Ligand SMILES: CC(C)(COP(=O)(O)OP(=O)(O)OC[C@H]1O[C@@H](n2cnc3c(N)ncnc32)[C@H](O)[C@@H]1OP(=O)(O)O)[C@@H](O)C(=O)NCCC(=O)NCCS
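Okay, structure coming up:
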């Protein structure tokens, strides 16, 4: 078990742990008790066949988990772990558990000879963008539009499941530094003035504004939300099509957050 300041992580293997993961998953995503979309049998099968379930403990209790499975990249056949989900209990979010858990996932992947973890996240959720890009040091490389079809959970019913695809290069020095506890490097915090949906593109870098809190924005401006989502996704698609990747996401003020895009392999 790898211990952090207050959080410990471990590779989970038992049906009891997996049953607990099932409960955490339902709690975090607000799912019905009979949802069954993630269940202990599935976790057992994945964990015994090249998948990984990493647990995070707070005060000795399982409070989060990350699930991934082995995948093969089209083209070059590179092996990676595809991380299907990461979830931290509601009362434990924002306290360093997710960070410790993902770095536990990194250690377990490296120990298994894998140096890439890939996953997706909703690009409209600025806190998730910040967690993935700034806290972990991953980069968003492409977009999957409406990946799972429309959402069915109570808070997001009908919302399209547009996702950024994230690559986490586990041996990237920027990732290794973070694993060793380097403070989050937000890379670009100069004051900027940008509106949600606005794009500022230079030759090898760009900024794209998004709402700071998408769910609040969607509740207060339901008619503007769909077109704004499309506009943001189209801008991001254009940048990624030109070879840029999203490297940072940070909150500017109460209403606005911003993505920074940079050329692949360029110092952001
Ligand atoms: C995303 C998630 C796994 C991150 O774990 P966490 O324990 O909350 O994250 P940490 O405390 O380690 O890191 C917090 C950082 O991530 C950001 N963050 C992401 N989600 C957050 C949340 N729900 N609450 C607070 N901070 C959050 C914060 O901005 C913070 O960055 P900072 O320290 O620079 O301010 C967790 O919040 C969660 O389960 N969220 C709901 C489910 C989800 O969205 N899962 C990911 C997609 S499958």
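Numbering (the working numbering), first residue to last: 311 to 578. The C-beta atom is built at its ideal place from N, Cα and C for all residues, glycine as well. Source: prediction; values computed, not measured.
Inset, instruction - Would you kindly check if the distance between the Cβ of residue 377 and the Cβ of residue 403 is under 8 Å? - result: Counting from 1 along the chain shown, the entry for residue 403 is found at position 93. Counting from 1 along the chain shown, the entry for residue 377 is found at position 67. In terms of Cβ geometry, residue 403 and residue 377 do not form a close pair [threshold 8 Å].
Inset, instruction - Pick helix, strand or coil for residue 565, following the three-state DSSP scheme. - result: Within the chain shown, residue 565 is the residue found at index 255, counting from 1. Collapsing the DSSP output to three states places residue 565 in coil.
Inset, instruction - May I ask you to check if the CB of residue 463 is nearer than 7 Å to at least one heavy atom of ligand 1? - result: As a working note, residue 463 is residue 153 in the chain shown. Incorrect: residue 463 has no Cβ contact closer than 7 Å to ligand 1.
Inset, instruction - Using alpha carbons as the reference points, say which of 547, 335, 356, 502 lies closest to residue 373. - result: Against the chain shown, residue 373 aligns to sequence position 63. Answer by Cα proximity: 335.
Legend entry - residue 408 Cβ short of 7 Å to ligand 1 heavy atom set: Taking the chain shown and counting its residues from 1, one reaches residue 408 at position 98. At least one heavy atom of ligand 1 is nearer than 7 Å to the Cβ of residue 408, so yes.
Legend entry - First and last residue of the uninterrupted beta strand (DSSP E) at residue 393: Sequence index remark: in the chain shown, residue 393 carries index 83 (1-based). Where residue 393 is concerned, the enclosing beta strand (DSSP E) stretches over 389-398.
Legend entry - Nearest candidate by alpha-carbon position, reference residue 390, set 405, 427, 459, 536: To locate residue 390, count along the chain shown from 1; it is residue 80. Residue 390 has its Cα closest to that of 427, out of 405, 427, 459, 536.
Inset, instruction - Would you please state the rounded distance, in angstroms, between the beta carbons of residue 556 and residue 431? I believe it to be under 8 Å. - result: In the chain shown, the residue the question calls residue 556 occupies position 246. In the chain shown, the residue the question calls residue 431 occupies position 121. At roughly 11 Å, the Cβ-Cβ gap does not stay under 8 Å, so residue 556 and residue 431 are not in contact.
Inset, instruction - Under 6 Å Cβ to Cβ from residue 360, same chain only, skipping five residues before and after it: list those, please. - result: Position 50 of the chain shown, counting from 1, holds the residue named residue 360. 380.
Inset, instruction - Tell me, to the nearest whole angstrom, how far the beta carbon of residue 317 is from that of residue 449; I am working on the premise that it is less than 8 Å. - result: Start at 1 with the first residue of the chain shown, and residue 317 comes out as number 7. Start at 1 with the first residue of the chain shown, and residue 449 comes out as number 139. Approximately 25 Å separates the beta-carbon atoms of residue 317 and residue 449; this is outside 8 Å, ruling out the contact.
Inset, instruction - Please confirm whether residue 519 and residue 539 have their CB atoms less than 8 Å apart. - result: As a first step, residue 519 must be located in the chain shown, where it is residue number 209. As a first step, residue 539 must be located in the chain shown, where it is residue number 229. Against a cut-off of 8 Å, the Cβ pair of residue 539 and residue 519 comes out as no contact.
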